[in-house]
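*Asks:* Starting off with a structure, shown below.
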Amino acid sequence: MSASRTIPTAAVVPWDDALTDYDRAHFVLYMRLIDAKDSGATLAEMAHVLFEIDAEAEPERARLAVESHLARARWMTEVGYRLLLQERDG
Numbered sequence: 002m003s004a005s006r007t008i009p010t011a012a013v014v015p016w017d018d019a020l021t022d023y024d025r026a027h028f029v030l031y032m033r034l035i036d037a038k039d040s041g042a043t044l045a046e047m048a049h050v051l052f053e054i055d056a057e058a059e060p061e062r063a064r065l066a067v068e069s070h071l072a073r074a075r076w077m078t079e080v081g082y083r084l085l086l087q088e089r090d091g
């Protein structure tokens with residue numbers, strides 16, 4: 002499956018110790034989350050803008066979506082990027 006194929010955004014990021022098709026398809030989302038967090042965006046703002054979730058109406062859904070994807074985004078900056086480079090050079 003190529004990274005350009007549309008994979009719907011999950012309610013909670015699917016986790017694996019390996020790089021996944023989901024990671025490849027949502028790389029830009031991950032980077033936008035990190036940027037938003039570093040810029041001081043609130044969880045409600047990130048949920049609304051990046052996931053189209055109303056955090057006031059669905060606080061648990063918003064929290065799970067943002068926190069799980071942000072955790073995966075951090076994983077990508079610490080581990081996943083190396084796997085991407087290995088694929089490219091491999």
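In my numbering, the protein residues as written are 2 to 91. No residue lacks a Cβ here, since even glycine has one placed at the ideal position from N, Cα and C.
Out of curiosity, what's the CA-to-CA distance linking ARG73 and GLY91?
*Replies:* By 1-based counting over the sequence shown, the position of residue 73 is 72. By 1-based counting over the sequence shown, the position of residue 91 is 90. Each residue's Cα considered, the two are about 23 Å apart.
*Asks:* Taking only three categories from DSSP, how would you classify ILE8?
*Replies:* Here residue 8 refers to the residue found at position 7 of the sequence shown. Coil, per DSSP.
*Asks:* Thinking C-alpha only, which one of PHE28, LEU71 and GLN87 is nearest MET47?
*Replies:* Along the sequence shown, one-based indexing puts residue 47 at 46. Ranking the options by Cα distance to MET47, first place goes to LEU71.
*Asks:* Could you tell me if VAL14 is buried or exposed, where buried requires 16 or more neighbouring beta carbons within 10 angstroms of its beta carbon?
*Replies:* The count along the sequence shown starts at 1 and reaches residue 14 at position 13. Buried is the call here.
*Asks:* Which class does VAL50 belong to by DSSP, given the choice of helix, strand or coil?
*Replies:* For this step, residue 50 is matched to residue 49 along the sequence shown. Correct three-state label for VAL50: helix.
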